[in-house]
Amino acid sequence: MRRPRTGLAAILPGLWLAIFFAFPFLLVARLSASDSALSIPPYAPRIDWSQGVAGVRAFLAALDGETYVRLTQDSLYLDAYLSSLRLAGLAAGVLLLIGYPIAYGIARCPPRLRQALVMAVILPFWTSFLIRIYAWVAILKPAGVLNAALGAVGLPTVDILNTEAAVLLGLVYAYLPFMVLPLYAVLDRQDESLIEAAQDLGCTPLQAFWRVTFPLSLRGAAAGALLCFIPMAGEFVIPDLMGGSETLMLGRVIWTEFFANRDWPAASAVAIVLLATLVVPILLFEREQAKVAR
Amino acid sequence: MRRGPSAFNIASVALGLAFLYAPIVILVLYSFNASRLVTVWAGFSTRWYVALFQDRQMLDAVWVTLRVGVISATIATVLGVLAAIALTRSRSRGRMVLAGGVYATLVMPEVILGLSLLLLFVAAGLPRGFWTVTLSHATLTLAYATVVVQARLQSFDRSLEEAAQDLGCPPWKAFALVTLPGIAPAVAAAWMLAFTLSLDDLVVASFTSGPGATTLPMRLYSQVRLGVNPEINAVSTLLIGLVATGVIAVYLIQQRRRPSP
Numbered sequence: 000m001r002r003p004r005t006g007l008a009a010i011l012p013g014l015w016l017a018i019f020f021a022f023p024f025l026l027v028a029r030l031s032a033s034d035s036a037l038s039i040p041p042y043a044p045r046i047d048w049s050q051g052v053a054g055v056r057a058f059l060a061a062l063d064g065e066t067y068v069r070l071t072q073d074s075l076y077l078d079a080y081l082s083s084l085r086l087a088g089l090a091a092g093v094l095l096l097i098g099y100p101i102a103y104g105i106a107r108c109p110p111r112l113r114q115a116l117v118m119a120v121i122l123p124f125w126t127s128f129l130i131r132i133y134a135w136v137a138i139l140k141p142a143g144v145l146n147a148a149l150g151a152v153g154l155p156t157v158d159i160l161n162t163e164a165a166v167l168l169g170l171v172y173a174y175l176p177f178m179v180l181p182l183y184a185v186l187d188r189q190d191e192s193l194i195e196a197a198q199d200l201g202c203t204p205l206q207a208f209w210r211v212t213f214p215l216s217l218r219g220a221a222a223g224a225l226l227c228f229i230p231m232a233g234e235f236v237i238p239d240l241m242g243g244s245e246t247l248m249l250g251r252v253i254w255t256e257f258f259a260n261r262d263w264p265a266a267s268a269v270a271i272v273l274l275a276t277l278v279v280p281i282l283l284f285e286r287e288q289a290k291v292a293r
Numbered sequence: 000m001r002r003g004p005s006a007f008n009i010a011s012v013a014l015g016l017a018f019l020y021a022p023i024v025i026l027v028l029y030s031f032n033a034s035r036l037v038t039v040w041a042g043f044s045t046r047w048y049v050a051l052f053q054d055r056q057m058l059d060a061v062w063v064t065l066r067v068g069v070i071s072a073t074i075a076t077v078l079g080v081l082a083a084i085a086l087t088r089s090r091s092r093g094r095m096v097l098a099g100g101v102y103a104t105l106v107m108p109e110v111i112l113g114l115s116l117l118l119l120f121v122a123a124g125l126p127r128g129f130w131t132v133t134l135s136h137a138t139l140t141l142a143y144a145t146v147v148v149q150a151r152l153q154s155f156d157r158s159l160e161e162a163a164q165d166l167g168c169p170p171w172k173a174f175a176l177v178t179l180p181g182i183a184p185a186v187a188a189a190w191m192l193a194f195t196l197s198l199d200d201l202v203v204a205s206f207t208s209g210p211g212a213t214t215l216p217m218r219l220y221s222q223v224r225l226g227v228n229p230e231i232n233a234v235s236t237l238l239i240g241l242v243a244t245g246v247i248a249v250y251l252i253q254q255r256r257r258p259s260p
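Protein chains in written order, with numbering that gives the first Met the number 0: chain A, 0 to 293; chain B, 0 to 260.
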């Protein structure tokens, strides 16, 4: 049989990702070393191609780390950085706690039902993210659905919109399908005879779960946690709509620097810092994916 | 894993689904509320739908969004199928590089993607507008399309394609005539997913769009910032209905194609 040259199929998507995904990061890195300026586009220096090599050299000489120094001087950036990591980490933990029983429950159902349940978990993900977060705003706002329901049964009302608790709730809600699916994938693939063997050897069902099922599902837990943590750390919509002005996250800072302050170099520098922080989780995620694919 | 579910299992799944669906159900219900207030139920009404269809700017945004979605999803699906072939079948070193790129796009925060694409378009001197959003959305959704097709290709029985090749079919033709029809439902699902993600995206579109190319999420976002508004509930309900119909249709097609166990 002739070996098909399947490697050729990689050329087009590879080129696309090189142009639209990898190369632009270099532009972000370059811009983060520039200064903001009152021009269009709003940054300096720009390469003066008409002067040839001298123009490039002048451009390189004008690049410095000034923007990064500025980031360390204003405590706003450090606060945003720390609260991004804290909230994303906390949300990943909560997601594990509530995602695991759901994934496990689905894996225990009869096959026909399992497919329908997986579908039911995915379906909300297909409906607009912005709209689902907006739905929470309508529920949580002071005169919203939740407080109307609490008031109707005589319970005290709660006011959590525009707090960190609301952001946490929003993150958990929006990313739950991303946690359940990888967990379900490993639990569903698990060999049932292992549990039977453990029980034959005298384990109670609970012991069998802790000693066999749970350790074997840790790979899915790691994949799910990374799949959620990485985008959550850069989340913009949820902190913007559900968090108050004091809930700063890096995604929101990048947005504000770019759109409100028109400070493109600062937005780029924050993006580079976020990217540098996420490189390790991204590499870990890719290693897990490569193992699963094999 | 094949013993029946316990009461605890059933409760966790039921609570989980309730958590996922409650906000959506509430949103849909209130789109039919006659009152402007969220807390007051003033009877069934379709006035917000009427108001929606008279909102010129909203309808323009819907039209832009649908065109961006169709074109970008098509580009993403074609590239995604190619990437999935390379990822599942090639043994070359380029495979790892491509896989790295695909999975990095999958998890990359959208603010970073949006900002970097904008800088690319500024550097290339492209005026921002319809096409820059479309190219950006193709990039954003490419990874999702790849993963969906890849999952199907991995479990697809290759012996039929190999048989076709043994009988003298060139490899590309064997793929097009045997494997492609077999993975068609996954390709359709990949397109649908790319389309909905494009329909849904606020962040990347805000960075890469320009005058005259305001997408629906951008329009919704500027309204949501002003407060809760029943007209948004109405347009959301229509969107949810549209997407849910499409997704369930694809699911049923896949179910029918699969031989029953």
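We put the beta carbon where it would ideally sit given N, CA and C, even for glycine.
Which stretch, first to last residue, makes up the alpha helix (DSSP H) that contains residue i?
i	result
Q53/B	It is not in any alpha helix (DSSP H) - Q53/B carries neither H nor E in the DSSP assignment.
W130/B	129 to 154
T195/B	179 to 199
W125/A	110 to 125
N146/A	144 to 151
A21/A	Premise fails: A21/A is in no alpha helix (DSSP H) and is neither H nor E.
G99/B	93 to 106
S208/B	First-last for S208/B: undefined, no H or E at that position.
F228/A	217 to 232
V166/A	163 to 188
R69/A	65 to 72
D165/B	158 to 165
E191/A	191 to 199
D262/A	It is not in any alpha helix (DSSP H) - D262/A carries neither H nor E in the DSSP assignment.
By DSSP's criteria, residue i is part of a beta bridge. Which residues make up the other side?
i	result
Y42/A	S35/A
N32/B	F43/B
When the Cα atoms are used, what is the spatial distance from residue i to residue j?
i	j	result
F129/B	F258/A	19 Å
R151/B	A188/B	11 Å
R94/B	L86/B	6 Å
D158/A	R88/B	54 Å
A220/A	R286/A	14 Å
M0/A	I281/A	Because M0/A sits at a pLDDT of 43, beneath the cut-off of 50, its placement in the model cannot be relied upon, and the following sentence gives the value as read from the coordinates. Taking the straight line joining both Cα atoms gives about 39 Å.
I68/A	P210/B	It should be noted that the sequence gives Val, not Ile, for residue 68/A. If you take the alpha carbons of V68/A and P210/B, they lie about 35 Å apart.
G169/A	L118/B	30 Å
S44/B	L58/B	21 Å
G201/A	I194/A	11 Å
L249/A	A151/A	39 Å
A10/B	P4/B	10 Å
S30/B	Y48/B	8 Å
I247/B	A268/A	43 Å
L97/B	P204/A	43 Å
R46/B	T214/B	24 Å
L175/A	V93/A	10 Å
P230/A	V106/B	6 Å
L134/B	R261/A	24 Å
T255/A	L86/A	19 Å
F228/A	L95/A	11 Å
M0/B	R107/A	Caution is warranted here: a pLDDT of 45 is assigned to M0/B, below 50, making its placement in the model unreliable, and the coordinate value is therefore given only provisionally. Taking the straight line joining both Cα atoms gives about 6 Å.
I239/B	L154/A	33 Å
A21/A	S192/A	46 Å
R111/A	T71/A	56 Å
Skipping 5 residues on each side, what residues in its chain have a beta carbon closer than 7 Å to that of residue i?
i	result
A83/B	T145, V148, Q149, L152
G243/A	N161, T162
I105/A	R113, L116, V117, Y183
L196/B	L139, T140, Y143
V186/B	T76, V80, V148
Cutting at 6 Å between CB atoms, please list the residues of its own chain near residue i, excluding the five before and the five after it.
i	result
V177/B	L159, E160, A163
A267/B	Since the first residue shown for chain B is 0 and the last is 260, residue 267/B is missing from the structure and cannot be characterised.
S259/B	Reliability of the predicted coordinates at S259/B is poor, the pLDDT of 44 falling under 50, and the value obtained from them is presented with this limitation in mind. So the list is empty, once near-sequence residues are dropped.
G143/A	A137
T276/A	none
N146/A	T156
Excluding the five sequence neighbours on either side, which residues of its own chain have a C-beta within less than 8 Å of the C-beta of residue i, listed in chain order?
i	result
T269/B	Outside the shown range of chain B, which is 0 to 260, sits residue 269/B, and nothing can be said about it.
R131/A	P123, Y172, A173
S31/A	T66, Y67, P264, S267, A268, A270, I271
Y42/A	L30, S33, D34, S35, A36, W263, P264
Given 8 Å as the limit, is there contact between the region 12 to 29 of chain B and the region 100 to 115 of chain A, that is, 3 or more CB pairs closer than that?
Because the criterion of three Cβ pairs below 8 Å is met, the region 12 to 29 of chain B and the region 100 to 115 of chain A touch.
Counting pairs of Cβ atoms below 8 Å between the region 214 to 233 of chain B and the region 53 to 70 of chain B, do you hit three or more?
yes
Do the region 229 to 236 of chain B and the region 110 to 117 of chain B meet, that is, are 3 or more Cβ pairs less than 8 Å apart?
no
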